Amino acid sequence: MRAEWIVVDNASGDGSVEMVRREFPRVTLIENAANRFFAVAANQAIARSMGRYVLTLNSDAEVFPGTLPALVEYLDRHSDVGAVTTQMVRPDGRLQRTCARFPSYPLLLLDYTFLGLLLSGRRRRLRRWAWYADWDRKTEREVEVAPGSFILARQAVLRSVGAYDERLRLYFTDDDWCQRLQRAGFELMYSPLGRVIHAEGSSSRQIRPLARRIYFEDLRSYTAKYFGDRRAGWLGFLSAPTRWGMDVTAALRGH
Numbered sequence: 008m009r010a011e012w013i014v015v016d017n018a019s020g021d022g023s024v025e026m027v028r029r030e031f032p033r034v035t036l037i038e039n040a041a042n043r044f045f046a047v048a049a050n051q052a053i054a055r056s057m058g059r060y061v062l063t064l065n066s067d068a069e070v071f072p073g074t075l076p077a078l079v080e081y082l083d084r085h086s087d088v089g090a091v092t093t094q095m096v097r098p099d100g101r102l103q104r105t106c107a108r109f110p111s112y113p114l115l116l117l118d119y120t121f122l123g124l125l126l127s128g129r130r131r132r133l134r135r136w137a138w139y140a141d142w143d144r145k146t147e148r149e150v151e152v153a154p155g156s157f158i159l160a161r162q163a164v165l166r167s168v169g170a171y172d173e174r175l176r177l178y179f180t181d182d183d184w185c186q187r188l189q190r191a192g193f194e195l196m197y198s199p200l201g202r203v204i205h206a207e208g209s210s211s212r213q214i215r216p217l218a219r220r221i222y223f224e225d226l227r228s229y230t231a232k233y234f235g236d237r238r239a240g241w242l243g244f245l246s247a248p249t250r251w252g253m254d255v256t257a258a259l260r261g262h
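Anchor point for the sequence shown: position 141 equals 148 in the working numbering, and the numbering is continuous, going up by one each time.
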């Protein structure tokens, strides 16, 4: 299988650029002078890509041999599918429960505010529904949201629905893109044909305080986009104690 590889370096400063140049001279390398975060970096790579299919892959993910050929063949056989993802496992081999339904406003309130404590039973039921609790991730199915750490999409679909919304810098980028994909009439599928090791969160752990701030900024931006400014304002107000609590806990732990 022929492929082009594009690496975007967000000012890593750890020797990654030199390593890529030395060990992978055929890779297209994009160097950013500052950390431009996920959405911008992914869009830079997408804009340079020329292939029929485009894979967005996080730096904390490792693809098992045979995964890409299997998923490319899957898209070749299913012309109605706009994008596909596959099973992800943790470094210790445990299966990750990826993919979900689009987040509803009630679930956002229950997840990020004190209302989740008051209505814990309701929150638990909604989360089971949102995360496909009755599905073992070993079978193929259509999903609403795929993890942005591994999405294989048609180039034509990306041109049709657009790439990532750069107002969402690190989080909810996949929720937003998958929603636009399906509103445009394309299917998003999960196929167990491949396998990816995902050390979830290892990249953002390097910038923890900033990542927490961006998380809640992206949460507000996503909420405003799909539920309106008023609801986003209420969520921001009600989630402030949660945000402060996370900051205090992190400070006590030295993060």
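Ideal Cβ placement from N, Cα and C applies to all residues, glycine included.
Keep in mind it's a predicted model, so treat the numbers as computed, not measured.
Exercise. When burial is assigned at 16 or more other CB atoms within 10 Å of the CB, is G256 buried or exposed?
Worked result: For the record, residue 256 in the displayed sequence is Thr; it is not Gly. It counts as exposed.
Problem set entry | Own chain, CB closer than 8 Å to S6, minus 5 neighbours either side, in chain order | No information on residue 6 is available, as it lies outside the stretch 8 to 262 that the chain covers here.
Problem set entry | Within 7 Å, strictly: CB atoms of S228 and L175 | Note that the C-beta distance between S228 and L175 is below 7 Å.
Problem set entry | Burial state of P154 (16 or more Cβ within 10 Å) | With 16 or more other CB atoms across the displayed protein chains lying within 10 angstroms of its CB, P154 is buried.
Exercise. Beta carbon of T180, beta carbon of A46: below 7 Å?
Worked result: yes
For this session: Measure how close the beta-carbons of G201 and T93 come, nearest whole angstrom, since I'm counting them as under 8 Å.
Result: 4 Å
For this session: Taking the CB atoms as reference points, tell me whether S156 and N65 lie closer together than 7 Å.
Result: yes
Problem set entry | Meets three-Cβ-pair contact criterion under 8 Å: the region 213-227 and the region 141-151 | Fewer than three pairs of CB atoms, one per stretch, sit closer than 8 Å, so the region 213-227 makes no contact with the region 141-151.
Problem set entry | For P248, three-class secondary structure by DSSP | helix
For this session: Output the boundary residues of the beta strand (DSSP E) element that contains M26.
Result: Looking at the DSSP string, M26 is not in any beta strand (DSSP E); the run it does join, the alpha helix (DSSP H), is 23-30.
Exercise. Would you call S246 buried or exposed, if buried means 16 or more other Cβ atoms sit within 10 Å of its Cβ?
Worked result: Answer is buried; the Cβ neighbour count reaches 16.
Exercise. Sorted by chain position, which residues of the same chain lie with C-beta nearer than 6 Å to V164's C-beta, five sequence neighbours on each side aside?
Worked result: G89, F193
Exercise. DSSP beta-bridge partners for Y178?
Worked result: DSSP, once it has assigned bridges, lists no residue as partnering Y178.
Problem set entry | Euclidean distance between Cα positions of D143 and R97 | 15 Å
Exercise. Given a threshold of 16 other Cβ atoms within 10 Å of its Cβ, counted over all protein chains shown, does L217 qualify as buried or as exposed?
Worked result: exposed
For this session: Grab the span of the beta strand (DSSP E) containing T92 for me, first residue to last.
Result: 88-96
Exercise. Between the C-alpha atoms of V91 and A191, what's the straight-line distance to the nearest angstrom?
Worked result: 16 Å
Exercise. Taking just the CA atoms, how far does D254 sit from A49?
Worked result: Counting only the Cα atoms, D254 lies some 28 Å from A49.
Exercise. Going by the CB atoms, is the gap between V15 and Q319 shorter than 7 Å?
Worked result: Residue 319 is absent from the model: the chain starts at 8 and stops at 262.
Exercise. Are the Cβ atoms of N42 and A18 separated by less than 7 Å?
Worked result: Going by C-beta atoms, N42 is nearer than 7 Å to A18.
For this session: May I have the straight-line CA-CA distance separating R238 from A231, to the nearest angstrom?
Result: Roughly 7 Å between the two C-alpha positions.
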